[in-house]
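Numbered per the working numbering, the sequence shown spans residues 29 to 442.
Glycine included, every Cβ here is placed at the ideal spot set by N, Cα and C.
One structure is given below, encoded as structure tokens.
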Amino acid sequence: MRDIHQIKLLIFIIAAIIFSLLISSILFLSGIEINIIVVALILGVSIIFVTTLYLTIYLVDKNFLKEINEALEKVGKGELTSGKISFEGAFAIKIRKNLDSFIDFLSDTLKKIEFSVLDINGNASTLSMFSENISERIANERDTINEITKSMTELKAIADSIKEYATIAKDLSVKNRERIFNSTESIKNLIQSMNEISESSSSINEVAKFIAEVADETNLLALNASIEASRAGAEGAGFSIVASEIRNLAENSSSAIKKITDTVDRLIKSVSKGVNFSNEANEALNDIITGINDTAKTIEEIDSKITTQTQVTGQIYDEIENVNKLVIQNSELLIEMLTSIQNLSKQSDILKEIASSFKKEHQDDMSNHIFGVENFTSTENKDFEFSKNIGTSKNIDTTKEIDSSIEIKDIVPR
Numbered sequence: 029m030r031d032i033h034q035i036k037l038l039i040f041i042i043a044a045i046i047f048s049l050l051i052s053s054i055l056f057l058s059g060i061e062i063n064i065i066v067v068a069l070i071l072g073v074s075i076i077f078v079t080t081l082y083l084t085i086y087l088v089d090k091n092f093l094k095e096i097n098e099a100l101e102k103v104g105k106g107e108l109t110s111g112k113i114s115f116e117g118a119f120a121i122k123i124r125k126n127l128d129s130f131i132d133f134l135s136d137t138l139k140k141i142e143f144s145v146l147d148i149n150g151n152a153s154t155l156s157m158f159s160e161n162i163s164e165r166i167a168n169e170r171d172t173i174n175e176i177t178k179s180m181t182e183l184k185a186i187a188d189s190i191k192e193y194a195t196i197a198k199d200l201s202v203k204n205r206e207r208i209f210n211s212t213e214s215i216k217n218l219i220q221s222m223n224e225i226s227e228s229s230s231s232i233n234e235v236a237k238f239i240a241e242v243a244d245e246t247n248l249l250a251l252n253a254s255i256e257a258s259r260a261g262a263e264g265a266g267f268s269i270v271a272s273e274i275r276n277l278a279e280n281s282s283s284a285i286k287k288i289t290d291t292v293d294r295l296i297k298s299v300s301k302g303v304n305f306s307n308e309a310n311e312a313l314n315d316i317i318t319g320i321n322d323t324a325k326t327i328e329e330i331d332s333k334i335t336t337q338t339q340v341t342g343q344i345y346d347e348i349e350n351v352n353k354l355v356i357q358n359s360e361l362l363i364e365m366l367t368s369i370q371n372l373s374k375q376s377d378i379l380k381e382i383a384s385s386f387k388k389e390h391q392d393d394m395s396n397h398i399f400g401v402e403n404f405t406s407t408e409n410k411d412f413e414f415s416k417n418i419g420t421s422k423n424i425d426t427t428k429e430i431d432s433s434i435e436i437k438d439i440v441p442r
């Protein structure tokens, strides 16, 4: 800096010498007599004038720069007050105007930062409350899902047991149907055998009737022979004995045939009753088979529905497991979000401390400037509602531009 001022002083001295020579030349050309004393006098006056002018400009420039330096030092220390520059003139006014504009711009920027910090803190608090509420709901949902999962597990186990019993009942119905079918076949065979017995008994009865008729005729013939023998007298006595024996045999045969006929009749009646009972039993078995078939069909339908229910229950169980996994993931993400919100709140507090460290000329009441969340209410069912009003700070002009069209002119102290 000293070298620059020395160069400026040397330039002013050279300018004074040139100015003196120029004055001397003008006087010489004008016909005025010039001697060495006049030249020296002109040179001395020029040097004194130029030196005085230089010293005046130097001192004014030095004091002006000193005031600007002091104003910038205050800004550097955080005192955002208007610069106090005690100089007039176009250059000084423009410097002061630009410095004031810079300080106002910096002050307004810090106000915006403080308002933004309030907005961030408000939103962070709101998000934190929302997150806590959501966390409680997620916890309740997890408990509910666990209960549902437990119930679905029990329901699935019951459905599996019912399906197992239905399968057993289906197998038993098939086996019983086969057994009854076999019994029906046996009864049919029995009925056929009894019908054959009845037919054989009828044949025996016919034969017995034929034998009875033969015995009756034999008895009649023996009676006639006995009569003829008694007529023959002594000669027919032997024949009369034979005829008597034949008649006795015929009577015995008739008596035996009657017993056989009675027995066959009773047998036919018994067989007939047995056939009737067998037919009734066969009809009952057919009804049982029909019922068993219907039961088997119903069991098959139940088994099919239980199978479908088991599949649906399994799908619901899988979906609940997926929902449970998603709830766990959301819970983990919510914890991460809460951590991020806490970190954001800490960073905003640090930024607020930095912005508050500046001393502003007009300190606004921050409680009267709500930059972010305006209303925050909670309903009875803990559903939160909030409305955002994105505003701007008062009297903040971000369109200010520093005047760069400065022309260096004379600087006159006040």
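| From M157, S332, N350 and E364, pick the residue whose C-alpha is nearest to that of K191; which is it? | S332
| Cβ-Cβ distance between V299 and M222 below 9 Å | yes
| query | For I173, which residues of its own chain have a beta-carbon under 7 Å away from its beta-carbon, when the five flanking residues on both sides are left out? | reply | I348, V351, N352 and V355
| query | Would you report the Cα separation of F238 and S283, rounded to the nearest angstrom? | reply | 14 Å
| What residue from I320, Y345 and Q375 has the CA that sits closest to A185's CA? | Y345
| Between K286, E256 and S201, which lies nearest to S272 when the distance is taken from Cα to Cα? | E256
| How about S281 and T246: are their beta carbons less than 9 Å apart? | yes
| query | By Cβ distance below 8 Å, which residues in the same chain neighbour I166 in space, the five residues on each side in sequence not counted? | reply | V355, N358, S359 and L362
| query | Does the beta-carbon distance from S201 to I320 come in below 9 Å? | reply | yes
| field | Sufficient close CB pairs (3 or more, under 8 Å) joining the region 155-170 to the region 284-295 | value | no
| said: Which same chain residues end up closer than 8 Å to S306 when comparing Cβ atoms and leaving out the 5 residues on each side of it in sequence? | reply: I215, L218, I219 and M222
| request: Since I believe V292 is in contact with N233 (beta carbons under 8 Å), could you give me their beta-carbon distance rounded to a whole number of angstroms? | output: 5 Å
| task | Under 8 Å by Cβ, that's how I've got R275 and A240 pegged, so tell me the actual separation to the nearest angstrom. | result | So it is not a contact: roughly 15 Å between Cβ atoms.
| field | Completely contained beta strand (DSSP E) runs for the region 340-379, where each covers 3 or more residues | value | none
| Euclidean distance between Cα positions of D411 and S153 | Caution is warranted here: a pLDDT of 38 is assigned to D411, below 50, making its placement in the model unreliable, and the coordinate value is therefore given only provisionally. Rounded to whole angstroms, D411 to S153 spans 15 Å at the Cα level.
| request: Can you check the region 238-298 for any alpha helix (DSSP H) of at least 4 residues that lies completely inside it and give the ranges in chain order? | output: none
| task | Answer with buried or exposed for A236, where buried requires no fewer than 16 other C-beta atoms within 10 angstroms of its C-beta. | result | buried
| message | Less than 6 Å between C-beta atoms, sequence neighbours within five positions excluded: which residues of the same chain meet that for I42? | response | none
| Beta carbon of A197 nearer than 9 Å to that of I327 | yes
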